[in-house]
Structures are given as structure tokens and as C-alpha cells.
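Read the structure below first, then the notes.
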Amino acid sequence: MKIVSIGTDAKGNINMEDSRKAAEANKDNLSALMVTYPSTHGIYEEGIDEICEIIHDSGGQVYRDGANVNAQVGLTSPGWIGADICHLNLHKTFCIPHGRGDPGMRLIGVKKHLVPFLPSHTVLLFLSFTWKLYCEKEKLHGDQFEQLKILVDIGNILGACGTVKRTDKGELSVCVSSFAILTKSLLPLPDKYHGLTEVAAVFWKRAKIVSEICKTVESLGFVEIETPVLQGAAGGAKARPFVTYHNSLGRELYLRIATELYLKRMLVADAGQSNDLRNWCPSAAPSFNQGQGCDGIKASRGDSAVATFGDLVHLTE
Numbered sequence: 030m031k032i033v034s035i036g037t038d039a040k041g042n043i044n045m046e047d048s049r050k051a052a053e054a055n056k057d058n059l060s061a062l063m064v065t066y067p068s069t070h071g072i073y074e075e076g077i078d079e080i081c082e083i084i085h086d087s088g089g090q091v092y093r094d095g096a097n098v099n100a101q102v103g104l105t106s107p108g109w110i111g112a113d114i115c116h117l118n119l120h121k122t123f124c125i126p127h128g129r130g131d132p133g134m135r136l137i138g139v140k141k142h143l144v145p146f147l148p149s150h151t152v153l154l155f156l157s158f159t160w161k162l163y164c165e166k167e168k169l170h171g172d173q174f175e176q177l178k179i180l181v182d183i184g185n186i187l188g189a190c191g192t193v194k195r196t197d198k199g200e201l202s203v204c205v206s207s208f209a210i211l212t213k214s215l216l217p218l219p220d221k222y223h224g225l226t227e228v229a230a231v232f233w234k235r236a237k238i239v240s241e242i243c244k245t246v247e248s249l250g251f252v253e254i255e256t257p258v259l260q261g262a263a264g265g266a267k268a269r270p271f272v273t274y275h276n277s278l279g280r281e282l283y284l285r286i287a288t289e290l291y292l293k294r295m296l297v298a299d300a301g302q303s304n305d306l307r308n309w310c311p312s313a314a315p316s317f318n319q320g321q322g323c324d325g326i327k328a329s330r331g332d333s334a335v336a337t338f339g340d341l342v343h344l345t346e
């Protein structure tokens with residue numbers, strides 16, 4: 030192996046042009062790039078995904094150093110930025126000191142295409158992947174085989190340790206040596222007719238519909254305004270509102286039903302076109318046709334005084 034150093038710019042960030050030239054010059058035998066992200070001087074370099082793309086285009090892999098994994102939580106991940114493999118520095122991330130012969134480093138994940146090259150130990154994939162647990166009585170520790178038969182039900186979430194293997198049918202599986210019940214399913218799963226897939230599909234479709242509505246309204250020049258959930262005055266004409274009491278303010282507040290009063294304030298403030306796609310909460314009788322909370326969109330525009338019926342039809346369509 031030969032190490033090729035890459036230069037940095039005046040701020041200590043990776044020099045993109047130097048990286049591109051180095052990758053091109055060594056593309057015939059390029060193995061990998063090792064990179065720390067965020068950088069060792071604490072910067073989330075914007076070009077990290079471009080760096081990974083440069084290396085991949087030249088036939089190499091990206092090894093993401095494990096020094097600052099904890100700084101990625103909630104912001105990004107090795108898989109998203111394009112890394113192929115990553116380890117975790119335990120002594121930095123979890124304040125575990127060096128010593129006792131342990132370097133404080135552990136491999137935590139690879140992309141799917143590198144799985145066949147791994148030794149036989151537990152693997153965490155960055156990509157979505159379905160694993161099957163392969164249990165043999167002789168391989169399970171202690172009385173876990175009896176626990177498996179008695180305690181484990183459909184719908185439980187398990188944590189398992191073991192080695193990676195392929196079944197006779199070629200399916201990638203974990204040959205379990207020990208397991209633990211992480212979450213217990215207290216109620217049976219829905220039957221096949223009202224299955225989980227059907228329920229999940231409803232929520233995915235709803236999310237997609239709401240997303241497309243927001244994109245469409247935004248493309249027409251409207252700005253989404255977040256109106257208050259708790260309002261000082263009940264809105265919604267004759268609709269009966271939910272009432273609550275704010276202890277600190279010492280006053281009654283109402284769950285919103287109509288959002289138009291706040292959108293009209295935006296018109297007065299000359300904010301142009303505005304809309305609010307929010308959950309309304311009328312205190313109506315329960316209905317199978319309409320839930321207690323119903324989503325609706327209110328759109329207000331500065332020129333609505335001269336808008337025609339045709340304009341509103343066009344907007345709705």
C-alpha cells in the first residue's frame with residue numbers, strides 16, 4: 030500500500046482540486062480514501078459528498094474515520110455522506126480510555142457490497158436490508174432455546190448476536206448464539222385482511238398527498254404560516270371548541286378550529302399570499318367519516334378581493 034497525501038486549503042479543509050488530481054493520477058490502483066467527518070478541527074465540510082463521489086468515480090472506496098461519530102447524531106450518517114465503511118472510536122465517543130491492550134476502536138458498519146468480505150461477526154448495514162435470524166438449539170447459549178419457544182411471540186423486537194451465514198437457499202442470515210427481547214408485543218398483530226402493510230400504506234399515501242399539496246401551493250407563490258394551536262378567542266363560527274386553562278397565564282384558551290383570522294392579519298401586514306395546512310380540532314360528535322382532528326388548508330391572497338369564482342376553482346384544482 031502506498032499513501033498519497035491530499036492538500037488542504039487556507040482554512041484547513043480538504044482541497045477539492047488537489048483531491049481530484051490525486052484520484053485521477055492513481056485511478057488504476059486506487060484503493061481507498063480515509064477521511065474524518067466532521068473534520069478534526071470541528072468543521073462539517075460541505076464538500077464531503079463530492080469527495081466520496083470523486084473517489085468512487087476513480088474506482089476507490091471511502092473509509093470514514095471513527096473519531097467524530099457522536100457529532101453526526103441527528104445531523105448526518107456515514108451512509109448518507111457516501112462512505113463505504115466506518116469504525117467507531119470508543120475512547121472518544123464514549124469516553125473509554127486507551128489501555129489494557131484495547132485500542133478503543135470498533136468497526137460499526139459497511140455498505141451492502143462489502144458484506145461478503147467481512148469476517149464472521151455481527152454486522153450493521155447503513156442501507157435498508159432484511160436479515161433473518163437462524164436459530165439452532167446447539168448454537169444457542171444456556172436455556173435460550175427454551176426461552177425462544179416460550180417467551181418469543183410474533184411482533185416482538187429482538188436483539189441478537191451471532192455470525193453471518195447464508196442458508197441453503199442463499200439467504201443472508203445471522204446464526205444466533207444469543208438473543209434478548211428488546212420490546213415485548215403485548216397485543217397480537219392485525220390479521221392478514223387488516224394487515225400492517227395495508228395500515229402503513231394509508232399513512233404513506235396520506236403523507237405523500239400532504240407533501241404534494243404543500244409543494245403545489247408553494248409553487249403558486251404562497252408562504253406557509255404556522256398559526257397558533259392555542260388561541261385566545263374561539264374561531265370557527267358555530268363550531269364548538271375544545272377549552273383548556275393555562276395555569277401560568279391564568280386564562281382560558283381554545284384549540285384552533287379556523288386559521289383565517291391569523292392569515293388575515295398577514296394580509297393586513299402586506300405579506301402577500303399565505304397559507305396554513307394544519308390540524309383543526311372541532312369538538313364535534315365522533316364520526317366514522319371524519320376524525321376528531323381534521324386537516325385542512327386555508328389560503329389567503331392579497332388580491333382575493335378581485336378574485337373570481339373561476340380563480341378559486343383553478344386554485345383548488
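Going by the working numbering, the letters in the sequence shown line up with residues 30 to 346, in that order.
Note that beta-carbon positions come from the ideal geometry of N, C-alpha and C, so glycine has one too.
Where residue i falls: helix, strand or coil (DSSP)
{"i": "THR256", "result": "coil"}
{"i": "VAL205", "result": "strand"}
{"i": "THR37", "result": "strand"}
{"i": "GLY108", "result": "helix"}
{"i": "ARG269", "result": "coil"}
{"i": "ARG235", "result": "helix"}
{"i": "HIS343", "result": "helix"}
{"i": "ILE79", "result": "The amino acid at residue 79 is misidentified as Ile; the sequence shows Glu. Of the three classes helix, strand and coil, the one that applies to GLU79 here is helix, per DSSP."}
{"i": "HIS142", "result": "helix"}
{"i": "GLU165", "result": "coil"}
{"i": "LEU154", "result": "In this prediction, LEU154 has a pLDDT of 47, which is less than 50 and means its spatial position is unreliable; what the coordinates show is noted afterwards. Residue state, collapsed to three classes: strand."}
{"i": "LEU180", "result": "helix"}
DSSP bridge partner residues for residue i (one or two, in chain order)
{"i": "ASP94", "result": "THR65"}
{"i": "CYS190", "result": "SER207"}
{"i": "ARG294", "result": "Looking at the DSSP assignment, ARG294 forms no beta bridge with any residue, so it has no partner."}
{"i": "ILE43", "result": "THR37"}
{"i": "THR212", "result": "ILE186"}
{"i": "LEU218", "result": "Note: LEU218 sits in no beta bridge, so no partner."}
Beta-carbon spacing of residue i, residue j below 8 Å
{"i": "ILE77", "j": "ILE110", "result": "yes"}
{"i": "LEU62", "j": "GLY95", "result": "no"}
{"i": "SER202", "j": "TYR163", "result": "yes"}
{"i": "LYS56", "j": "GLY108", "result": "no"}
{"i": "VAL205", "j": "LEU180", "result": "no"}
{"i": "ILE43", "j": "GLU74", "result": "yes"}
{"i": "ILE80", "j": "VAL64", "result": "yes"}
{"i": "ILE183", "j": "LEU216", "result": "no"}
{"i": "LEU259", "j": "LEU282", "result": "yes"}
{"i": "ALA298", "j": "GLY264", "result": "no"}
{"i": "GLY103", "j": "HIS70", "result": "no"}
{"i": "PRO67", "j": "ALA100", "result": "yes"}
Spatially closest choice to residue i from the options, by CA coordinates
{"i": "LEU59", "options": "LEU180, HIS70 and VAL33", "result": "VAL33"}
{"i": "ILE210", "options": "PRO145, CYS190, ARG280 and ILE43", "result": "CYS190"}
{"i": "LEU290", "options": "THR256, THR192, THR337 and TYR283", "result": "THR256"}
{"i": "TYR274", "options": "LEU284, HIS142 and HIS116", "result": "LEU284"}
{"i": "ILE83", "options": "GLU46, THR192 and SER106", "result": "GLU46"}
{"i": "GLN200", "options": "LYS161, ALA229, ILE186 and LYS178", "result": "The amino acid occupying residue 200 in the given sequence is Glu; Gln does not appear at that position. Looking at the Cα atoms, LYS161 is the closest of the given residues."}
{"i": "LYS50", "options": "LEU147, GLY250, SER87 and ALA229", "result": "SER87"}
{"i": "PHE146", "options": "LYS194, ILE238 and HIS343", "result": "LYS194"}
{"i": "LEU249", "options": "GLN173, ASP340, ALA112 and LYS31", "result": "ASP340"}
{"i": "LEU143", "options": "ILE186, VAL91 and GLU165", "result": "VAL91"}
{"i": "GLY261", "options": "LEU278, ALA268, ILE242 and GLU247", "result": "LEU278"}
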